[in-house]
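Residues in the sequence shown are numbered from 1 upward in steps of one, following UniProt numbering.
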Amino acid sequence: MRRILVYGVTGSGKSTLAQRIGERLGLPYHAIDDLTWEPGWVPVSDEVQRERVRAVCAGDAWVIDSAYSKWADVPFARVEVVVALDLPRWLSLSRLLRRTVGHALRRTPTCNGNYETWRNAFLSRESILVWHFRSFKRKQRRMRAWHADPEFRPRLVLLRSPAEVECWVAALPDQRRSGAGPA
């Protein structure tokens, strides 16, 4: 398992889990938001996003934390395992609220040095909170359809609770202790 995509709704913990998987397995983690946003919240063009993702996915080993529909074919052409976080809305929304408020209060830089602001978080049509509501059901249906499809490839790991996430991560070989690289 050397090429892994973590997929889920906004606020489900994709980035955190992808980082943990990368650390545990000794694989490079790539934050998709860093590939799709420039400083000042300037969006990267679709063509440049595709090229950046293609460069990451051309590697032999990687963990990424999302796949936007406009270029999802790129990672899906090479990914070995999709880890899908199908967590309840209340949980993902509460995590998203906590993260967003915390970033705005502490002025914590997010992707490429960008900052969450109160205006962007709560008053903008482009708000990450608005995006959560717009995309939740669609992403949830997609993950559940993958899970129900016996022909779905690559391998799918569907995790539906924090306990399942913890159990799955604990079962991964810990390359940090052994000093070995990815298998």
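Where a beta carbon is used, it is the ideal one built from N, C-alpha and C, also for glycine.
Just so we're clear, the structure is a prediction, and the values are computed from it rather than from any experiment.
Item	Value
Residue span of the beta strand (DSSP E) that contains G13, given as start and end	Counting along the chain, G13 falls outside any beta strand (DSSP E), and DSSP gives it neither H nor E.
Nearest-angstrom Cα separation, counted from R20 out to V169	8 angstroms
Terminal residues of the alpha helix (DSSP H) in which A84 lies	Segment 81-85 is the beta strand (DSSP E) holding A84; no alpha helix (DSSP H) there.
Exposure of V48, with buried meaning 16 or more beta-carbon neighbours within 10 Å	exposed
For V83 and F152, the rounded distance between their alpha carbons	13 angstroms
Cut-off 6 angstroms between Cβ atoms - residues of its own chain near R160, not counting five sequence neighbours on either side	D86
Per-residue DSSP class, three states only, for E151	coil
Contact under 7 angstroms by Cβ, S66 with I32	yes
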